[in-house]
Structures are given as C-alpha cells and as structure tokens.
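Participant: Here's a structure for you.
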Amino acid sequence: EAGVTQFPSHSVIEKGQTVTLRCDPISGHDNLYWYRRVMGKEIKFLLHFVKESKQDESGMPNNRFLAERTGGTYSTLKVQPAELEDSGVYFCASSLGTSGLGEQYFGPGTRLTVT
Amino acid sequence: AQSVTQLDSQVPVFEEAPVELRCNYSSSVSVYLFWYVQYPNQGLQLLLKYLSGSTLVKGINGFEAEFNKSQTSFHLRKPSVHISDTAEYFCAVSDLSGGSYIPTFGRGTSLIVHP
C-alpha cells in the first residue's frame, strides 16, 4: 500500500512568488492534515480536512495560505505571495479514524525555501 | 492550552548504550501522549502512544515510554541503541480542547548514535 506522498520534495522560490504544494493521502483516508515546521521549532498544525470539508483551519497563519481538497482525495496548499517567514518543511498526514486519535500517517514533507 | 517541552535538542550516544529522551507537557485536562520518529528523508512514524491504562507503553523497535502524571512527563527509553536509531524524535500531546484531538508537538530531539 502506498503511503502519503508529497510533491515537490523541495521548492526554492523568491519572495512574492506563488508556490503550490500537493499531498496525496493514503487511499481511503478521509482525514487529511497539514503541518509546518520552521527550522528548529515545533511542528505546528495548519488545518484538517474531513473528505473535502475543512474541519479545522485554526492553524492557518494568514490569508496568503489557501488549502483545497477537491473531491476529497488529494490536497493542495498554495502560498501566494510567499514571504521569507513561510520557509520551512510542510508535512501532510492522513488518517482513517474520525476521532482524530486514529493513527496519522505522515508524508516526507516539502521543504520550502523563500529567498 | 497544551504545550510540550523536549528538554534536549540533541542527544549523542554510543551504540549499545541506553538512552532516555525527555518530554514534559502541560495541559489542564486529561491527555493522550505520543512519540514519533523521523528518519532522514522520511515522514514521521508513530513509535508509541499512551491513551489510558498501563503507564508503561511499549512501542516499535524496542522503545518504551512511561507516563508520569504527577511529573507531567512521558520520557522515551531504549536499553540498547543501534546505529539505525539515529533519527529525530518528536513528543506530542493531544486532548479534547477545542473539540478535536489535533496533537501539539515538541521541538524534537535529534538522537545521534555513534559506533
């Protein structure tokens, strides 16, 4: 069974540009989560989808970030326009259970560098 | 609000030596506790979790952790480490505050096993 995949693995963009990160969860997992880790700091929650609906987006830093999950399958996270402080590793995770205690399976992350 | 403190950012140890990675948390309600491991270029993988019951939890790869409610700690231990245990380890806590079990992560501890 394929795990959670993320694309691209690395992205280097200039301040002001747009970047779109993609996450493909494990097939059949209704729950999809986005997290971000700024270098040396905690992994911070960004948002949670249940199928195509946003269940919790309390962690989204500002309106430059837009997440979508059309059709309840893969998800994209767009940053527009990117700022220097957006640099970090963006993780996606998926889970089967609806309680949130279902084990989350993480992707390898996308390392975003904004210069 | 809950928080997690991982007291050591880096722990160097020789192969076959025992290791303890420390984790303290703060929360005003009952919590669930997790340890994740991230090997180089991979996603986070669940090592073990405490939901209820016995305070000594055994996980994969010979790791175990003990929940100490009075000390609000959940330290991770392994009696004899291998080179392959070199990775970053994250402690996480979740509760029902806000209506979901979204975990709060610590900053991570980098375990470096030397031959």
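Chains as they are written, first to last, in this note's numbering: chain Y, 5 to 119; chain V, 14 to 128. Each residue gets a CB set at the ideal place from its N, CA and C atoms; glycine is no exception. Keep in mind the model is a prediction, meaning the values are calculated, not measured.
Of all Cβ atoms in chain Y, is any one closer than 8 Å to the Cβ of HIS118/V?
Facilitator: According to the sequence as given, residue 118/V is Phe; it is not His. Yes - at least one Cβ of chain Y is within 8 Å of the one on PHE118/V.
Participant: CA-CA distance, LEU60/V and LEU124/V?
Facilitator: LEU60/V and LEU124/V: Cα-Cα distance of roughly 14 Å.
Participant: Could you tell me whether the Cβ of GLU89/Y comes closer than 8 Å to any Cβ of chain V?
Facilitator: No - not a single Cβ of chain V is within 8 Å of the one on GLU89/Y.
Participant: Does ASP34/Y come out as helix, strand or coil in the three-state DSSP assignment?
Facilitator: Correct three-state label for ASP34/Y: coil.
Participant: Give every residue of the same chain whose Cβ lies closer than 6 Å to the Cβ of LEU121/Y, excluding the five residues on either side of it in the sequence, and list them in chain order.
Facilitator: What the structure shows of chain Y is the stretch from 5 to 119, and residue 121/Y is not part of that stretch, so it cannot be assessed.
Participant: Hey, how far is the Cα of LEU50/Y from the Cα of SER65/V?
Facilitator: When rounded, the distance between both Cα atoms is 27 Å.
Participant: If you measure from the beta carbon of GLY66/V to each beta carbon in chain Y, is any gap under 8 Å?
Facilitator: Not one chain Y Cβ lies under 8 Å of GLY66/V.
Participant: Which bits of chain V does PHE95/Y rub up against, with CB to CB less than 8 Å?
Facilitator: Near PHE95/Y (Cβ distances below 8 Å), the residues of chain V are GLY56 and LEU57.
Participant: So for ILE73/V, helix, strand or coil by DSSP?
Facilitator: Residue state, collapsed to three classes: helix.
Participant: Against chain V, which members of the stretch 39 to 55 of chain Y pass a CB distance test of less than 9 Å?
Facilitator: Per Cβ criterion, the list reads TYR39, ARG41, GLY44, LYS45, GLU46, ILE47, LYS48, PHE49 and HIS52.
Participant: Hey, how far is the Cα of PHE11/Y from the Cα of LEU25/Y?
Facilitator: Straight-line Cα distance between these residues: approximately 6 Å.
Participant: Which two residues bound the contiguous beta strand (DSSP E) that contains HIS52/Y?
Facilitator: First-last of the beta strand (DSSP E) with HIS52/Y: 47 to 54.
Participant: Tell me, please, which residues DSSP counts as bridged to GLY101/Y.
Facilitator: Per DSSP, none; premise fails for GLY101/Y.
Participant: When the Cα of TYR94/Y is compared with those of PRO112/Y, TYR78/Y, GLN21/Y and PRO85/Y, which residue comes out closest?
Facilitator: Looking at the Cα atoms, PRO112/Y is the closest of the given residues.
Participant: Answer yes if the stretch 91 to 103 of chain V comes into contact with the stretch 114 to 122 of chain V, meaning at least three C-beta pairs across the two stretches below 8 Å, and no otherwise.
Facilitator: These segments touch.
Participant: Where does GLY119/V fall in DSSP's three states?
Facilitator: If DSSP states are grouped into helix, strand and coil, GLY119/V belongs with coil.
Participant: Please list, in chain order, all residues of the same chain as TYR63/V whose beta carbon is under 6 Å from its beta carbon, the five residues on each side excluded.
Facilitator: Around TYR63/V: LEU46, VAL70 and PHE80.
Participant: At a CB-CB cut-off below 8 Å, which residues of chain Y make contact with ILE73/V?
Facilitator: Simply none; closest approach about 12 Å.
Participant: If the criterion is Cβ atoms closer than 8 Å, does the pair LEU20/V and ARG35/V meet it?
Facilitator: Yes.
Participant: Compare the C-beta of ILE96/V with all C-beta atoms of chain Y and state if any pair is closer than 8 Å.
Facilitator: It does not: the Cβ of ILE96/V has no partner Cβ on chain Y nearer than 8 Å.
Participant: For a test of the three-state rule: what should DSSP assign to THR74/Y, helix, strand or coil?
Facilitator: THR74/Y: helix per DSSP, three-state reduction.
Participant: Please report whether the beta-carbon of PHE103/V lies at a distance below 8 Å from any beta-carbon of chain Y.
Facilitator: Cβ-Cβ to chain Y under 8 Å: yes for PHE103/V.
Participant: Any Cβ of chain V within less than 8 Å of the Cβ of PHE110/Y?
Facilitator: So yes, PHE110/Y belongs to the interface.
Participant: Decide if the stretch 23 to 31 of chain V is in contact with the stretch 34 to 47 of chain Y; the criterion is three or more beta carbon pairs, one per stretch, under 8 Å apart.
Facilitator: Too few Cβ pairs lie closer than 8 Å, so no.
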